[in-house]
């Protein structure tokens, strides 16, 4: 399934949709839309071979946890298409990017715009922090660091079965603070899992502020290479650079793309909030109104009617 929009058009739509949602609801993950819009647009709009969605355009309510007695249980992976051998699989590891992921599904025609009306509502599957039943999600990655392990395991199984589809893991750089991430890299290298690649949003931000003030991770590229992965680095906001990085040969080894991004790309007004950018909420009507007009002007769209 291919979208008629360009990657750049999808990325602009993602930022616009997340911005409008944030202003209307006085809160949202704006910086993740700034840093990751091109990356997710690239994955869904061009890089991955995904089939048509298998779930309703308007998500059903949460159907309960998986069990032998619950035939209604589904994962949200159906919005990425069927899990057939010839299709790629995508794992979105940072669950707090859920709003950006939902906006991507909408912009690529995989989910209806009205689905965001269910965002963070009781009983909804369109969760604020994506779970395995949330649109676009296949497993619960709320504890950062398990996404690459999950992707590596599935890729290893697909390789053994001779399936053509590749496995991609979208990650955040905060996950390199977790030991399990490094175990996943080491295992993928040892088992020569080369049908696995990861796209990491390197925005150097996390919940409590700038990463280097919480736990400095140093040279991510050097560490990954030391563990045996093939590494490519690029400007996260340059689609041609993303395309070139994704084409990096990595026979016999996993590929990790470090996409260096800005947490206020396209919304420079947010730079004044540095380093508190993880979740943007406005303390007063005046602050919200100022952001509404300033960011709308930077995005080239009308202010949101509140």
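In my numbering, the protein residues as written are 35 to 340. Don't be surprised by glycine CBs; every beta carbon is placed ideally from N, CA and C. No experiment lies behind these values; they were computed from the predicted model shown.
- About 4 Å separates the CB atoms of residue 322 and residue 316; that is less than 8 Å, so the two are in contact.
- Exposed is the label assigned to residue 104, since fewer than 16 other Cβ atoms lie within 10 Å of its Cβ.
- The Cβ atoms of residue 231 and residue 289 sit closer than 8 Å to each other.
- Assignment of beta strand (DSSP E) within the stretch 277-328, counting only whole runs of 3 or more residues, yields 289-294 in chain order.
- Note on geometry: alpha-carbon atoms of residue 107 and residue 154 lie some 19 Å from one another.
- In the three-state reduction of the DSSP assignment, residue 245 falls in the helix class, which pools H, G and I.
- In this structure, residue 243 lies near residue 309, with their beta-carbon atoms less than 8 Å apart.
- A distance below 8 Å separates the beta carbons of residue 159 and residue 93.
- Separation of residue 182 and residue 191 (C-alpha to C-alpha, rounded to the nearest whole angstrom) is 14 Å.
- Uninterrupted alpha helix (DSSP H) stretches at least 4 residues long and entirely within the stretch 176-220 occur at 181-195, given in chain order.
- Taken through DSSP and simplified to helix, strand or coil, residue 267 comes out as strand.
- For the set 280, 47 and 164, the Cα lying nearest the Cα of residue 77 is the one of 280.
- Residue 64 is positioned such that its CB atom lies closer than 8 Å to that of residue 304.
- In the structure shown, residue 62 falls within a strand segment according to DSSP collapsed to helix, strand and coil.
- Note on geometry: alpha-carbon atoms of residue 196 and residue 95 lie some 36 Å from one another.
- Under the three-state reduction of DSSP output, residue 274 falls in the helix class.
- The Cβ atoms of residue 124 and residue 52 lie no closer than 8 Å to each other.
- Shown here, residue 41 sits in a helix according to DSSP, grouped into three states.
- The criterion of a C-beta distance shorter than 8 Å is satisfied by residue 237 and residue 207.
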